[in-house]
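Colleague:
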Amino acid sequence: MNKVFLIMFVSCLLGLVAFSQDSDEMGKPDLFGPEFQKRFTASYGVLEDREPELQELEIVLLEEIGPMVEENPEFAKSMLEGMLGDDSEATATFNFILANLYFNGDAIESAMEEYDLAIGKYPAFRRAWKNLGLLKVRNGDYEGGLKALVRCVELGDTSPDTYGSAAYSHLRVGNLMAAELAYNAAIVLDPNNIEWIEGKAEAMIQGKRFADARPLLLELIKRNPDKAAYRMFLANIHVELGEFIEAAQVFELIHAMGEGNGDTQLQLANIYSLSGMYELSVDTFLAATPKQLESHINQVMIGVKYLLDQEEVEQSRRLFRKIDGIGDTWSSDQRTRYLLLEAGFARVAENRELLKEKLVEALENDPLNGDVLVQLGSLYAEDEN
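Per our numbering, numbering through the sequence shown is continuous, rising by one, with the last residue being 1248.
(1) Check whether the Cβ atoms of N1056 and P1023 lie closer than 8 Å to each other.
(2) For a test of the three-state rule: what should DSSP assign to W1193, helix, strand or coil?
(3) Skipping 5 residues on each side, what residues in its chain have a beta carbon closer than 8 Å to that of I982?
(4) Quick check on the burial criterion: 16 or more other C-beta atoms within 10 angstroms. Buried or exposed for K1071?
(5) Alpha carbon to alpha carbon, how far is W1059 from E914? Give it in angstroms, no decimals.
(6) Quick check on M1040: buried or exposed, where buried means 16 or more other Cβ atoms within 10 Å of its Cβ?
(7) Looking at M889 and E1065, is the spacing between their C-beta atoms short of 8 Å?
(8) Assuming T1127 is part of the alpha helix (DSSP H), what are its boundary residues?
(9) Note down, in chain order, each residue of its chain lying with its Cβ closer than 7 Å to the Cβ of N1228, except the 5 sequence neighbours on either side.
(10) Let's see if you can read the secondary structure: which residues bound the alpha helix (DSSP H) around K1154?
(11) Please return the same chain residues whose Cβ sits closer than 7 Å to the Cβ of L876, not counting the five positions on each side in sequence.
(12) Just mark E1177 as buried or exposed, buried being the case when its beta carbon has 16 or more other beta carbons within 10 Å.
(13) In angstroms with no decimal places, state the Cα-to-Cα distance between M1095 and V1211.
(14) Where does V1237 land, buried or exposed, given buried means 16+ other C-beta within 10 angstroms?
(15) Considering only the beta carbon of each residue, do L1204 and K1154 sit closer than 8 Å?
(16) Among the residues of its own chain, which have a CB less than 6 Å from the CB of E1109, if the five just before and after it don't count?
(17) Let me know if N1124 comes out buried or exposed under the rule of 16 or more other beta-carbons within 10 Å of its beta-carbon.
(18) Measure the C-alpha to C-alpha separation of I1189 and P897 and round it to an integer number of angstroms.
(19) Which residue from L1226, A1011, N1232 and K1219 puts its Cα closest to that of A1244?
(20) I think I1134 touches T1127, with their Cβ atoms under 8 Å apart; what is that distance to the nearest whole Å?
(21) Quick one, are the C-beta atoms of G1062 and A1042 less than 8 Å apart?
(22) If you compare alpha carbons, which of T1025, K940, H1033 and K1010 is closest to A1049?
(23) Anyone know if the C-beta pair for L1226 and L1239 falls short of 8 Å?
(24) In whole angstroms, what is the alpha-carbon distance linking A1029 and D1234?
(25) Enumerate, from N- to C-terminal direction, the unbroken alpha helix (DSSP H) stretches of 4 or more residues contained entirely within the segment 988-1062.
(26) If you check the beta carbons only, do L1080 and F1107 fall under 8 Å apart?
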């Protein structure tokens, strides 16, 4: 039971270490960089497919506005704003161009409003749906972005950034199967984009398909060996699969490369305990700074108790001595745990008076603690007999 408990403990904490820092970024499309900016407003013209049809006068106006977009965007924007007054019947193409100009000027909300107006005038306006969807994803509106991007795909868009952005939105709202399928489509179309492989791996990890995710993490490390997050995810996968020696090897590599921290230090120590390498486990615990130990005091005390339960008394004492005296800011629950550990050492030493003293002290600190009540009740029953 203790071993099962520690496996759960290591897996749970390691997941927090890996995912809380990096999982939101896995598979996230670059919607802020210069390449996105360039692609987003690459064309102010008209495409034949899924675009509003222009009248002769509108074509003339578009030919006049086109050069202004590059040479004097502010003038072009003012001109379009004048054309597109309230209830204007001007073609949706002009709303689309104005939206692009707003985007280039960082007026994102105004841009989305114009894309909406363009779609209202011409519901099959594919580029407007796409740009609207990308901006919603960029703003963190994943439900809205997904709706727009799916509509874009329905209208015939097969570009990898559309599939990849839709995949990321599916991932963020919890549609794991749809996310994986959309990432697959993006990878087929753009196999060199590492973000799509990241996203597929993240979808598998969230779906607890750790064995399937492992080769993807190895591929990511091969492609970008400088990214520490990949090694953290790989270590997490090894733990989830019960491959503790492999997990320890990855953690040792993380520390050797200067990427470790207090979290990884203590996880490595727990893995060594679980693998029966008790002295190495305590050595690893003791290599942490007092501040790191204090910030992870609950985990350290679990480690002390596990060693004590394995009858590794001397190793347990070594670790226990390290946390002695750093409890000035402990919670009541942490204080109770500490007293129970002291009681555990007294029991091993067969010092019944000290055992009773520590249990009574723990009961005074937490009168409703079930573990304390059971141990103290058993002790009094033994005394009566």
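Quick reminder that beta carbons are idealized off the backbone N, C-alpha and C, glycines included.
Modeller: From the atom records:
(1) yes
(2) coil
(3) Result list for I982: A955, F988, A991, W992 and L995, in chain order.
(4) exposed
(5) 29 Å
(6) exposed
(7) yes
(8) G1125 to L1137
(9) S1195, R1198, T1199 and L1202
(10) P1153 to S1158
(11) Confidence in L876 is poor, its pLDDT being 47 and thus under 50, which makes the residue's placement too unreliable to answer from.
(12) exposed
(13) 38 Å
(14) exposed
(15) no
(16) H1101
(17) exposed
(18) 50 Å
(19) K1219
(20) That belief does not hold up - the Cβ atoms of I1134 and T1127 are roughly 10 Å apart, past 8 Å.
(21) yes
(22) Of the candidates T1025, K940, H1033 and K1010, T1025 places its Cα closest to the Cα of A1049.
(23) yes
(24) 50 Å
(25) Look at the segment 988-1062 and you find these whole runs of alpha helix (DSSP H), each 4 residues long or longer: 989-1001, 1005-1017, 1023-1036 and 1039-1052.
(26) no
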